[in-house]
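Shown next, in structure tokens, is the structure this report addresses.
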Amino acid sequence: MRQSKNEEYTEPNPLIDLGDTYVMRKILILSRETRYIKEMSDVSFNGFFPESVANAADNNIMFAVMLLHEDHFVAFYHKSNEIGNRLIFFAKLNESNLSLLT
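Spelled out as structure tokens, the structure:
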């Protein structure tokens, strides 16, 4: 992840790409186009980042904290891979309900 950041493949804050923010923004835009006026707090999602990663003060701290939680990320990846899934985000708009899924 640090390499992707250094090579400018990610947003300045990589959590925007890897977390829920980017996809949340897109589903909010689509919901508003369908006349459902929603806010970020209206989107249902249980993220896969530990709180300490999501709340890191800056990128250097975030990278360090991610290393501390490497087992968490490896397990998440293997669990997904075992059932034939890929790690992706997708958003769902069902009537007026918004949700993000991994």
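Last residue of the sequence shown? That's 101 in numbering that gives the first Met the number 0, and every number before it is there in order.
Each residue gets a CB set at the ideal place from its N, CA and C atoms; glycine is no exception.
A quick note: this is a predicted structure, and the numbers were derived from the prediction, not measured.
Worksheet item: In three-state DSSP terms, what is Leu86?
Response: The count along the sequence shown starts at 1 and reaches residue 86 at position 87. Coil, per DSSP.
Fill in: Buried versus exposed, by CB contacts within 10 Å (16 or more), Met39
Counting from 1 along the sequence shown, the entry for residue 39 is found at position 40. Met39 comes out exposed.
Worksheet entry | For Ser95, the three-state DSSP class (helix, strand or coil) | Within the sequence shown, the letter at position 96 stands for residue 95. Coil at Ser95, not helix or strand.
Worksheet item: Quick check: the region 51-70 against the region 21-30, are there 3 or more CB pairs under 8 Å?
Response: Not touching, per the Cβ criterion.
Worksheet item: Should Ser30 be labelled buried (16 or more other beta-carbon atoms within 10 Å of its own) or exposed?
Response: Counting from one through the sequence shown, the residue named residue 30 turns up at place 31. Burial call: buried.
Discussion item. Along the chain, where does the alpha helix (DSSP H) containing Arg25 start, and where does it finish?
Written reply: Mapped onto the sequence shown, residue 25 falls at position 26. It is worth fixing the name first, because residue 25 is Lys in this sequence and not Arg. From DSSP, the alpha helix (DSSP H) with Lys25 extends over Thr20 to Glu32.
Item to complete: Can you give me the start and stop residues for the alpha helix (DSSP H) that Asp16 sits inside?
Response: To locate residue 16, count along the sequence shown from 1; it is residue 17. Looking at the DSSP string, the run of the alpha helix (DSSP H) that includes Asp16 is Pro13 to Leu17.
Discussion item. Distance check for Lys37 and Ser79, CA to CA, integer angstroms please.
Written reply: If you number the sequence shown from 1, residue 79 lands on position 80. If you number the sequence shown from 1, residue 37 lands on position 38. Rounded to whole angstroms, Ser79 to Lys37 spans 30 Å at the Cα level.
Discussion item. From the DSSP secondary-structure annotation, give me the bridge partner or partners of Ser79.
Written reply: Counting from 1 along the sequence shown, the entry for residue 79 is found at position 80. Paired residues: none, contrary to the question.
Worksheet entry | Boundaries of the alpha helix (DSSP H) in which Met39 is found, first to last residue | Along the sequence shown, one-based indexing puts residue 39 at 40. First-last for Met39: undefined, no H or E at that position.
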